[in-house]
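Novice: Residue numbers (this note's numbering), protein chains in the order written: chain L, 156 to 285; chain W, 23 to 461.
1. Does the pairing of the segment 164 to 175 of chain W with the segment 185 to 195 of chain W give three or more beta-carbon distances under 8 Å?
2. For residue 207/W, does the three-state DSSP call read helix, strand or coil?
3. Hey, out of 238/W, 81/W, 88/W, 419/W, whose CA is closest to residue 10/W's CA?
4. Using 10 angstroms around the beta-carbon of residue 461/W, count the other beta-carbons present and answer buried if the total reaches 16, otherwise exposed.
5. Here's the rule I'm using: 16 or more other beta-carbon atoms within 10 Å means buried, otherwise exposed. How should residue 152/L be labelled?
6. Which whole runs of the alpha helix (DSSP H) in the segment 378 to 438 of chain W are 4 residues long or more, in chain order?
7. For chain L, is any of its Cβ atoms less than 8 Å away from the one on residue 336/W?
8. At which residues does the beta strand (DSSP E) containing residue 451/W begin and terminate?
9. For residue 331/W, decide whether its Cβ has a neighbour in chain L, counting only Cβ atoms nearer than 8 Å.
10. Quick one: list the residues of chain W neighbouring residue 187/L, beta-carbon separation under 7 Å, in chain order.
11. How big is the Cα-Cα spacing for residue 197/W and residue 76/W?
12. Output, in sequence order along the chain, the residues in the segment 305 to 332 of chain W whose CB is closer than 8 Å to any CB in chain L.
13. Kindly confirm or deny that the segment 394 to 410 of chain W and the segment 449 to 459 of chain W touch, where touching means at least three C-beta pairs closer than 8 Å.
14. I want to verify the contact list: residues of chain W whose CB lies under 9 Å from the CB of residue 223/L, in sequence order.
15. Beta carbon of residue 339/W, beta carbon of residue 137/W: below 8 Å?
16. For residue 192/W, which three-state DSSP category applies?
17. Going along the chain, which residues of its own chain have a beta-carbon closer than 7 Å to the beta-carbon of residue 43/W, five neighbours each way excluded?
18. Go ahead and label residue 108/W buried or exposed: buried means 16 or more other beta carbons lie within 10 angstroms of its beta carbon, across all protein chains shown.
19. I'd like to know whether the C-beta of residue 201/L is nearer than 8 Å to at least one C-beta of chain W.
20. So if I threshold CB-CB distances at 7 Å, which residues from the segment 289 to 303 of chain W count as touching chain L?
21. Output, in sequence order along the chain, the residues in the segment 157 to 172 of chain W whose CB is closer than 9 Å to any CB in chain L.
22. Please return the same chain residues whose Cβ sits closer than 8 Å to the Cβ of residue 31/W, not counting the five positions on each side in sequence.
23. Pick out whichever of 394/W, 343/W, 359/W, 51/W has its Cα sitting closest to the Cα of residue 101/W.
24. With a threshold of 7 Å (Cβ to nearest heavy atom), would residue 214/W be considered close to the ligand GTP?
25. Can you tell me the Cα-Cα spacing of residue 346/W and residue 92/W, whole angstroms?
26. By the DSSP assignment, the alpha helix (DSSP H) with residue 267/W in it spans what residues?
27. Find out if the Cβ-Cβ distance for the pair residue 448/W, residue 401/W is shorter than 8 Å.
28. Is the CB of residue 276/L under 8 Å away from at least one CB in chain W?
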């Protein structure tokens with residue numbers, strides 16, 4: 156059974172976002188990594204890249220699919236998880252911890268609050284399965 | 023069929039394609055003819071193709087092809103195979119492509135190769151698109167293209183990239199050397215494309231060009247002749263860091279010269295940018311029992327999975343021609359290929375020295391050549407070629423067709439297929455024709 160931590164916010168496209176001051180950490184959900192299967196590659200954005208909420212800024216590739224990762228908020232990429240370059244399997248092993256993708260310094264950190272909460276996202280995932 | 027999918031007309035099917043991107047009516051394409059009429063036309067035209075002694079290269083080169091090559095390629099197991107959708111069921115095909123990739127990486131001294139693309143020109147276009155995707159140092163969509171690259175390649179690339187917001191800027195070649203020079207302030211660009219040897223058979227300073235390109239934050243793309251790579255410095259060794267992408271036409275490797283092909287494009291790159299490479303890549307792996315096996319890799323980037331976001335829409339390869347090239351290379355080996363390259367080069371050198379002694383024709387550009395050179399006649403090439411053809415000799419390619427300033431120039435190629443007698447015959451015929459023209 157996939158985990159849906161309540162302290163996180165989610166996108167319909169299966170990213171999670173966690174606000175830490177004015178920085179937002181982004182990864183993909185446990186449900187998403189399970190659906191993708193073994194992650195073999197993550198194409199990360201450049202540090203310093205500017206993004207609008209909804210922009211495609213990364214790609215996650217598994218043995219069966221390659222999917223775009225969308226920016227949940229508007230801002231600037233300030234850090235990327237370079238460990239994923241050598242160890243993409245971290246996305247499968249710890250999607251909410253070591254498997255994070257990138258951090259965005261948000262122009263309006265409150266934007267995070269408008270994303271789905273755990274309950275809403277879980278309901279969405281369950282609906283997709285049926 | 024249209025009714026059952028709820029579409030009113032063929033045109034309505036294409037509604038989502040913007041007007042600006044549509045070709046419109048193809049005015050140069052005649053309407054269809056019957057099978058009987060087509061056969062008759064083809065037979066009539068085939069009769070015009072007399073067997074002649076050909077000195078035309080210009081991108082397609084006549085080399086000896088050992089009989090075993092097409093004997094083996096013609097076997098049903100290869101002939102009827104297509105990269106299948108359940109690819110792993112065809113271990114033989116996959117192993118052959120894997121061997122091809124290995125040979126190409128060794129020949130070019132590059133880290134990875136794909137399973138081939140359509141031909142040399144489309145390989146260059148794919149390299150340009152790939153370089154723009156792979157360049158993380160700048161976001162430029164401007165690509166510098168050496169003006170001494172095969173003009174038909176540049177034309178094909180323009181056709182492929184011009185609707186994608188990519189600007190190809192041609193660098194002029196020097197009038198004396200036929201080579202492109204370096205610009206002090208080139209502005210921002212994503213990639214530089216250089217041909218080695220160039221269209222005139224000449225040898226640009228690829229080390230300097232590669233370093234200059236990298237200093238400007240761009241990716242280096244080499245378009246190379248595979249036979250020449252047995253003698254010349256391969257792209258993986260150019261400059262301090264080597265070329266990033268190397269492509270070319272694989273026809274010289276066991277594929278007969280034919281008008282329009284089919285030929286085969288090869289494509290290699292550095293490991294660091296392999297995920298931006300289009301096309302199929304076969305990898306070697308092991309199965310659950312630990313036996314060697316071969317598999318398609320990096321498929322997730324392709325259009326049957328990524329749809330519109332695919333790395334490229336080239337998902338196929340020239341399977342049969344790859345088979346021919348692989349058998350050709352395995353029969354010749356590195357010593358054989360070097361010998362072919364050396365004999366071709368020496369043949370050209372002998373022809374050029376015969377020309378020197380006439381005093382009427384001379385090499386157009388300074389500097390060394392591989393197996394092809396531009397030679398300058400006292401009169402336009404188009405006046406000389408038909409008369410040579412009457413004597414059974416295709417004397418070369420009329421450079422005036424692509425470069426008006428070079429209308430007196432012929433692009434002449436010699437390979438290992440030409441004997442001393444052929445070279446003498448060429449010179450005698452050329453001299454006779456020139457004399458008849460009052461030169």
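Even glycine gets a Cβ: it sits at the ideal position worked out from N, Cα and C.
Specialist: According to the data block:
1. Segments in contact, yes.
2. coil
3. The structure shown does not extend to residue 10/W, since chain W is modelled only from 23 to 461, so the question has no answer here.
4. exposed
5. The question about residue 152/L has no answer, for chain L in this structure spans 156 to 285.
6. 403 to 412
7. no
8. No beta strand (DSSP E) holds residue 451/W; the alpha helix (DSSP H) holding it covers 442 to 458.
9. yes
10. Those within 7 Å of residue 187/L in chain W number zero; the least Cβ separation is about 15 Å.
11. 27 Å
12. 322, 323, 327, 328, 331
13. yes
14. 331
15. The answer is yes: Cβ separation under 8 Å.
16. Residue 192/W falls in the strand class under three-state DSSP.
17. 185
18. Per the 10 Å Cβ criterion, exposed.
19. Taking Cβ atoms only, chain W reaches closer than 8 Å to residue 201/L, which makes this a yes.
20. Taking 7 Å as the Cβ-Cβ cut-off against chain L, the residues of the segment 289 to 303 of chain W that qualify are 297.
21. 158
22. Within the same chain, 24 come within 8 Å of residue 31/W by CB-CB distance, once the 5 residues on both sides are set aside.
23. For residue 101/W, the closest of 394/W, 343/W, 359/W, 51/W by C-alpha to C-alpha distance is 343/W.
24. In the structure on display, the ligand GTP does not appear, and there are no ligands present to speak of.
25. Approximately 7 Å, taken between the alpha carbons.
26. Not the alpha helix (DSSP H): residue 267/W falls in the beta strand (DSSP E), residues 267 to 271.
27. no
28. no
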